[in-house]
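Counting with the UniProt record's numbering, you get residues 1 to 300 for the letters of the sequence shown.
All C-beta atoms in this analysis are idealised placements derived from N, C-alpha and C, irrespective of residue type, glycine included.
The structure under discussion appears below in the form of structure tokens.
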Amino acid sequence: MSDYRISHIAALEAEAIFIFREVAATCQRPVLLFSGGKDSIVMLHLAQKAFAPAPIPFPVMHVDTGQNFAEVIDYRDRRVAETGVQLIVASVQDAIDRGMVTEPPDGTRNRIQTPVLLEAAEKYQFDALFGGARRDEEKARAKERVFSFRDDFGQWDPKNQRPELWNLYNGRVHPGEQIRVFPLSNWTELDVWRYIGSEGIPLPEVYFASEREVVDRGGMLYAVNEFLQPREGETVFKETVRYRTVGDANLTAGVRSEARTIEEIIAEIEATRITERGATRGDDKTSEAAMEDRKREGYF
């Protein structure tokens with residue numbers, strides 16, 4: 001008898017595909033949150049494999065702050081056109097114009113994404129939202145279930161989570177309630193990159209090292225762009241950086257890197273000891289519990 005073995009990456013892929021199919025079978029109106037970042041790109045690829053040769057049976061949605069990297073938005077639109085999937089854009093700028101939310105004094109919009117997300121979920125009556133969060137990213141995400149129950153206000157209570165035994169998931173909700181579904185929960189940043197390499201998935205250029213004009217702000221390197229200008233006393237200099245995670249252009253810092261290929265990025269990640277969000281996301285540094293506070297309010 002032959003000794004059948006499945007690789008670690010193949011097992012993660014199989015688990016994620018099972019989760020996509022489980023949601024499609026048990027939920028009425030799922031949607032995949034797609035920003036053009038690497039995790040959502042991998043999720044879109046997995047969704048295609050889960051339902052091939054049929055089309056993806058649900059739309060994708062981007063909660064657009066209007067402060068994105070241009071390369072990422074170009075990639076988003078191009079990838080959506082290639083797959084033929086329906087794209088819903090929930091615009092934060094539109095919500096500001098309507099007076100639904102107020103832009104913070106510092107000009108950042110990450111925090112006001114949440115009411116825009118919840119409004120869109122209610123408008124389209126989505127009962128399951130696929131997100132690209134992984135447990136290795138941040139401590140609040142480390143304790144969240146694959147099927148994360150949200151009440152009729154879209155809020156998460158970490159002390160009131162449903163048990164998940166083996167691959168048994170409970171997607172039952174009452175009208176107005178939601179399940180946030182995280183097919184990549186058990187993946188690591190390294191797993192994501194190895195999968196991207198093995199599947200030949202194209203990515204936006206921001207993930208690869210290039211020379212940019214940056215400022216050092218609190219020990220983090222932020223690229224100068226239309227959404228982030230140097231403050232008084234800050235010096236603009238050129239540095240070769242890449243982005244480990246991609247959020248708003250005024251909140252996401254680059255890391256010094258010479259990695260210009262997927263193989264070089266994998267080697268770089270294997271040697272690092274700092275998580276991707278810890279190294280690059282200014283929005284996670286407002287407090288020790290910044291992510292958990294946002295998730296309680298309804299954040300991704």
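Beta strand (DSSP E) containing residue i: first to last residue?
| i | result |
| --- | --- |
| K238 | 237-242 |
| F149 | 147-150 |
| A120 | Premise fails: A120 lies in the alpha helix (DSSP H), 113-124, not in any beta strand (DSSP E). |
| F34 | Segment: none, F34 is in no beta strand (DSSP E) and carries neither H nor E. |
| S210 | 210-217 |
| Q178 | 178-181 |
| D64 | 60-64 |
| L221 | 220-223 |
| I266 | No beta strand (DSSP E) contains I266, which is instead part of the alpha helix (DSSP H) from 262-271. |
| L87 | 87-91 |
In terms of residues, what are the limits of the alpha helix (DSSP H) holding residue i?
| i | result |
| --- | --- |
| A81 | 70-83 |
| P53 | No alpha helix (DSSP H) holds P53; DSSP gives it neither H nor E. |
| F130 | From DSSP, F130 is part of no alpha helix (DSSP H) but of the beta strand (DSSP E) over 128-130. |
| D136 | D136 -> no alpha helix (DSSP H), and no H or E assigned at all. |
| Y195 | 189-199 |
| E15 | 8-26 |
Compute the beta-carbon to beta-carbon distance between residue i and residue j, rounded to the nearest angstrom, for a pair I have assumed lies under 8 Å.
| i | j | result |
| --- | --- | --- |
| F149 | V31 | Their Cβ separation, rounded to whole angstroms, is 17 Å, which puts F149 and V31 out of contact at 8 Å. |
| Y169 | F147 | 5 Å |
| Q86 | P59 | 4 Å |
| K49 | I17 | 6 Å |
| P183 | I19 | 4 Å |
| P158 | K143 | 6 Å |
| P105 | R111 | Not confirmed; about 12 Å, so no contact. |
| R145 | Q161 | 5 Å |
| Q113 | T83 | Incorrect: roughly 24 Å between the Cβ atoms, too far for contact. |
| M61 | I88 | 4 Å |
| D191 | L12 | 6 Å |
Do residue j and residue i have their beta-carbon atoms positioned less than 7 Å apart in this structure?
| i | j | result |
| --- | --- | --- |
| I9 | Y207 | no |
| R172 | L129 | no |
| G200 | I262 | no |
| R134 | W187 | yes |
| R98 | Q67 | no |
| I213 | V246 | The sequence given here places Glu at residue 213; Ile does not occur at that position. Not a contact, by the Cβ cut-off of 7 Å. |
| R244 | E276 | yes |
| I269 | E189 | yes |
| F69 | A249 | yes |
| D216 | G132 | no |
Skipping 5 residues on each side, what residues in its chain have a beta carbon closer than 8 Å to that of residue i?
| i | result |
| --- | --- |
| E258 | A209, T240, E264 |
| G176 | E122, D152 |
| G254 | R212, V214, L221, Y222, A223, E239, V241, R242, Y243, T280 |
| A14 | I6 |
For residue i, which residues from the same chain have a beta carbon less than 7 Å from its beta carbon, with the 5 sequence-adjacent residues on both sides left out?
| i | result |
| --- | --- |
| T26 | G171 |
| R21 | A50 |
| Q28 | D127 |
| R260 | F208, A209 |
Hey, is residue i's beta-carbon within less than 7 Å of any beta-carbon in chain C?
| i | result |
| --- | --- |
| F69 | In the structure shown, chain C does not exist; there is a single protein chain. |
Return the chain-ordered list of same chain residues with a C-beta closer than 6 Å to the C-beta of residue i, the five sequence neighbours on each side being excluded.
| i | result |
| --- | --- |
| A120 | A90 |
| R141 | A133, R135 |
| E234 | V215 |
| G37 | V246 |
Can we say the region 69-82 touches the region 199-213, given the rule of at least three CB pairs closer than 8 Å?
yes
Could you tell me whether the region 222-237 touches the region 39-49, where touching means 3 or more Cβ pairs closer than 8 Å?
no
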